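Student: Below is a structure I'd like to ask you about.
There are 2 protein chains.
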Amino acid sequence: MTTLQFYFDFISPYAYLASERIEALALRNQCQVVWRPILLSALLTHNQQRGPAEIPDKRRYTFKNLLRLCHDEKLPLQPPPDHPFNSLLPLRVSCLRPQAGLIQHLFRACWKDGRPIDSSDALKDLIDEDTLKQATSPEAKQMLKDNTQQALDAGVFGVPTVVVGGEVFWGFDSFPHLERYLQGQDPVDSSLVERWDRLPASASRL
Amino acid sequence: MTTLQFYFDFISPYAYLASERIEALALRNQCQVVWRPILLSALLTHNQQRGPAEIPDKRRYTFKNLLRLCHDEKLPLQPPPDHPFNSLLPLRVSCLRPQAGLIQHLFRACWKDGRPIDSSDALKDLIDEDTLKQATSPEAKQMLKDNTQQALDAGVFGVPTVVVGGEVFWGFDSFPHLERYLQGQDPVDSSLVERWDRLPASASRL
Chain A
345 MTTLQFYFDF ISPYAYLASE RIEALALRNQ CQVVWRPILL SALLTHNQQR GPAEIPDKRR
405 YTFKNLLRLC HDEKLPLQPP PDHPFNSLLP LRVSCLRPQA GLIQHLFRAC WKDGRPIDSS
465 DALKDLIDED TLKQATSPEA KQMLKDNTQQ ALDAGVFGVP TVVVGGEVFW GFDSFPHLER
525 YLQGQDPVDS SLVERWDRLP ASASRL
Chain B
345 MTTLQFYFDF ISPYAYLASE RIEALALRNQ CQVVWRPILL SALLTHNQQR GPAEIPDKRR
405 YTFKNLLRLC HDEKLPLQPP PDHPFNSLLP LRVSCLRPQA GLIQHLFRAC WKDGRPIDSS
465 DALKDLIDED TLKQATSPEA KQMLKDNTQQ ALDAGVFGVP TVVVGGEVFW GFDSFPHLER
525 YLQGQDPVDS SLVERWDRLP ASASRL
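Top line first, the protein sequences correspond to chains A and B.
Here the first sequence stands for residues 345 to 550, where the numbers follow the working numbering.
Here the second sequence stands for residues 345 to 550, where the numbers follow the working numbering.
What follows is the structure in C-alpha cells.
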C-alpha cells in the first residue's frame, strides 16, 4: 500500500486545512497516511527564510486567503489567542502518538475552537498526563529533531507537505495535483525538469 | 469601470501564466487592466525574503508545480536559457509602453519561446530601437523605482499580484478568489481579519 508522509506543524493554519482532508484523500486512493510532526521554524531557519506570519503584508493576506479556503471547504476557523505560538509541546506529543485522531483533535482545538495548545496547562484537558510528561523528555525532543531532519533530507521546505515515492507536494492547494499523481497522471515532463535544474543563473541578488 | 492593477516581473513564470489570463478575466467582469511592471527582487530585499528560485528545493518544486499548471491551462512552457536573469531592461521597456500586447509579447518570448530578454541585443528583434534606447534613460529607471515603491505601499509582497479597490490578490491561483470578489461574493469576514491583525505573538523566531 502506498504511504503518504504528511509533514505538518500546528502553527500552520494551512496544515489544519490539510489535516482535515488528507485521510479522505488517502482512502480514495488506497493509500495510508503517516503523520509526521516537524518544526516549521527549523525549516525556515535552514533556508534563511521568513514565514508568512513574519512579513506583515503577507501575514494579513495569508489569513484572508485562509478564510476564503475555509469557506470553500466548509471548515470552521477560529484562530488561537496568540500567533505565532510555540508549537514544540503539541509537536512532541504528536511524535509520541502519531495518530490521526489525536493530531486532528489538537488541530481543531487550536484552529476550530481557537484554544491555546502551547503549554502543559493548555493541553491538560486534551492529552493524558503521562503523555504530556513524556513529551518533555529528551527522547521526545530528539524524535521531533529527527523528524524535522528527515523532512529537510526529503526536500521539504514548508508545511503542509505530502511526500510520496520521493515526490513532494507542498501546500493544501497541491492536493488535486497529488491526487492526479497517485492516479498515475502527473503531467510533469522530467526532461524539462532536468533542463530547469541545470539552467545557469545570469543574475544573482544575494 | 473598475481597474485591476496587475503587478508583474518577467522573472516570474507564474506572472507569465497570469499575463495570459488576466485580460480575459477583466473582460468577463467589466474591468480594465493597468499593467504595472515592478522589480520582484526589490520586494524580496525589502521583506528580507528569498525568492523561490533562491532556495534549491523550492526552486525545483516551483518548476514542477508550474508544469502542472501550464498543462491544466494548456499553455506552452519553455524556460529561458538562464534563470534567474536580469529583468531590468524589459521592465523599463514596459514602464515606457505599459500595453498588454507588448508585455505579453515579452512574456511569451521568454517563457513560451525560451528566448533571453535581458539585454538590448536579446530585445532588438522584439522592441523598436527608440524604445530600447529610452529604456536606459534615468527617467525610465525612475519609473520602475516608482512603480515598485507604489506596489510596496499597496501591500504587495510578490508577483503576480492584482490589486483592486485596495484588496490584494497574490498569485495565479488567487484568480478564482479575485473573480468572486469582483462579483461581490468574497467570503472574507472583516471582523475576523481585524482580530487576526491584533493577535499577539507569544513566540518569535527572529
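Quick reminder that beta carbons are idealized off the backbone N, C-alpha and C, glycines included.
Source: prediction; values computed, not measured.
Using 8 Å as the limit for Cβ to Cβ distance, is leucine 348 (chain B) near chain A?
Tutor: No, leucine 348 (chain B) does not count as interfacial toward chain A.
Student: Between the beta-carbon of leucine 432 (chain A) and the beta-carbon of proline 357 (chain A), is there less than 8 Å?
Tutor: No, the Cβ-Cβ distance between leucine 432 (chain A) and proline 357 (chain A) is not below 8 Å.
Student: Strictly under 8 Å for the Cβ-Cβ distance: is aspartate 517 (chain A) near chain B by that measure?
Tutor: Yes, contact with chain B.
Student: Would you mind giving the Cβ-Cβ distance between leucine 348 (chain A) and alanine 370 (chain A), rounded to the nearest angstrom? I have them listed as a contact below 8 Å.
Tutor: The pair is a contact, with the Cβ atoms about 6 Å apart (cut-off 8 Å).
Student: Tell me the DSSP secondary structure of cysteine 482 (chain B) in three-state form.
Tutor: For clarity, residue 482 (chain B) is proline in the given sequence; the question names cysteine instead. Three-state DSSP puts proline 482 (chain B) in a helix.
Student: In whole angstroms, what is the alpha-carbon distance linking tryptophan 540 (chain B) and phenylalanine 407 (chain A)?
Tutor: Approximately 8 Å, taken between the alpha carbons.
Student: Residues in the same chain with beta-carbon distance under 6 Å from isoleucine 553 (chain A), minus the five sequence neighbours each way, listed in chain order, please.
Tutor: For chain A, the structure presents residues 345 to 550; residue 553 (chain A) sits outside this window and is missing.
Student: Buried or exposed: proline 381 (chain B), going by 16 or more other Cβ atoms within 10 Å of its Cβ?
Tutor: Flag for proline 381 (chain B) reads buried.
Student: Measure the Cβ-Cβ separation of leucine 435 (chain B) and leucine 387 (chain B) and say whether it is below 8 Å.
Tutor: Against a cut-off of 8 Å, the Cβ pair of leucine 387 (chain B) and leucine 435 (chain B) comes out as no contact.
Student: Could you confirm whether any beta carbon from chain A is found closer than 8 Å to the beta carbon of isoleucine 461 (chain B)?
Tutor: For isoleucine 461 (chain B), the answer is no, since every Cβ of chain A falls outside 8 Å of its Cβ.
Student: What first and last residue would you give for the alpha helix (DSSP H) that runs through leucine 348 (chain B)?
Tutor: First-last for leucine 348 (chain B): 346-352, but that is the beta strand (DSSP E), not the alpha helix (DSSP H).
Student: Hey, out of B:Gln443, B:Lys477, B:Asp457, whose CA is closest to serine 463 (chain B)'s CA?
Tutor: Among B:Gln443, B:Lys477, B:Asp457, the Cα nearest to that of serine 463 (chain B) is on B:Lys477.
Student: Looking at chain A, is there any beta carbon in it that lies within less than 8 Å of the beta carbon of isoleucine 447 (chain B)?
Tutor: By this cut-off, isoleucine 447 (chain B) is not an interface position.
Student: Return the CA-CA distance between alanine 368 (chain B) and glycine 445 (chain A), expressed in angstroms with no decimal places.
Tutor: Looking at the two C-alpha atoms, the distance is approximately 45 Å.
Student: Alpha carbon to alpha carbon, what distance is there between valine 500 (chain B) and tyrosine 405 (chain A)?
Tutor: Roughly 9 Å separates the two Cα atoms.
Student: Just curious, the beta strand (DSSP E) that glutamate 511 (chain B) is in, first and last residue?
Tutor: 511-514 is the extent of the beta strand (DSSP E) around glutamate 511 (chain B).
Student: Is the separation between the beta-carbon of cysteine 414 (chain B) and that of leucine 526 (chain B) shorter than 8 Å?
Tutor: Taking 8 Å as the Cβ cut-off, cysteine 414 (chain B) and leucine 526 (chain B) do not qualify as a contacting pair.
Student: When we look at the beta-carbon of aspartate 490 (chain A) and count the other beta-carbons within 10 Å, is it buried (16 or more) or exposed?
Tutor: With fewer than 16 Cβ atoms within 10 Å of its Cβ, aspartate 490 (chain A) is classed as exposed.
Student: Flag this pair as yes or no: are the beta carbons of proline 423 (chain B) and glycine 458 (chain B) separated by less than 8 Å?
Tutor: Their beta carbons are under 8 Å apart, which means proline 423 (chain B) touches glycine 458 (chain B) by this criterion.
Student: Below 8 Å on C-beta distance, what does tryptophan 455 (chain B) contact in chain A?
Tutor: None at all; the shortest Cβ gap to chain A is about 12 Å.
Student: With DSSP run on the structure shown, which of helix, strand or coil describes phenylalanine 376 (chain A)?
Tutor: First, the residue type needs correcting, since residue 376 (chain A) is glutamine and not phenylalanine in the sequence shown. Strand.
Student: Is phenylalanine 501 (chain A) close to chain B, meaning its C-beta is less than 8 Å from at least one C-beta of that chain?
Tutor: Taking Cβ atoms only, chain B reaches closer than 8 Å to phenylalanine 501 (chain A), which makes this a yes.
Student: Does any CB atom of chain B fall closer than 8 Å to the CB of phenylalanine 451 (chain A)?
Tutor: Chain B contact via Cβ: absent.
Student: Check whether the Cβ of aspartate 497 (chain A) lies closer than 8 Å to any Cβ atom in chain B.
Tutor: Closer than 8 Å: no.
Student: Between glutamine 392 (chain B) and chain E, is there a C-beta pair that is closer than 8 Å?
Tutor: Within the model displayed, chain E is absent; protein chains A and B are what it includes.
Student: Look at threonine 346 (chain B) and valine 512 (chain B) and say whether their C-beta atoms are less than 8 Å apart.
Tutor: No, these two residues do not count as a Cβ contact at 8 Å.
Student: Since phenylalanine 429 (chain A) meets chain B, which of its residues come closer than 9 Å, beta carbon to beta carbon?
Tutor: The contacting residues are Ala545, Ser546, Ala547.
Student: Based on DSSP bridge pairs, tell me the residues matched to proline 381 (chain B).
Tutor: B:Phe352, per the DSSP bridge assignment.
Student: Return the first residue and the last residue of the beta strand (DSSP E) that valine 500 (chain A) is part of.
Tutor: No beta strand (DSSP E) contains valine 500 (chain A), which DSSP labels as neither H nor E.
Student: In its own chain, which residues sit with a C-beta less than 7 Å from the C-beta of alanine 484 (chain A), not counting the 5 before and 5 after it?
Tutor: Excluding residues within five positions, the ones whose Cβ falls inside 7 Å are Arg436, Cys439, Leu440, Gln478.
Student: Strictly below 8 Å CB to CB, what residues from chain A border leucine 411 (chain B)?
Tutor: Simply Pro531, Val532, Asp533, Leu536, Val537.
Student: Use the C-beta contact count for aspartate 401 (chain A): other C-beta atoms within 10 angstroms, 16 or more gives buried, fewer gives exposed.
Tutor: When all chains shown are included, aspartate 401 (chain A) counts as buried.
Student: For threonine 389 (chain B) and threonine 492 (chain B), what's the separation of their Cα atoms in angstroms?
Tutor: Spanning the two alpha carbons is a distance of roughly 12 Å.
Student: What does a CB cutoff of less than 6 Å around isoleucine 366 (chain B) pick up in its chain, not counting 5 residues either side in sequence?
Tutor: Same-chain partners within the cutoff: Phe350, Val377.
Student: Strictly below 8 Å CB to CB, what residues from chain B border leucine 388 (chain A)?
Tutor: Going along chain B in sequence order, the residues near leucine 388 (chain A) (Cβ under 8 Å) are Arg549.
Student: Rounded to a whole number of angstroms, what is the C-alpha to C-alpha distance between aspartate 517 (chain B) and glutamate 417 (chain B)?
Tutor: Going from the Cα of aspartate 517 (chain B) to the Cα of glutamate 417 (chain B) covers about 12 Å.
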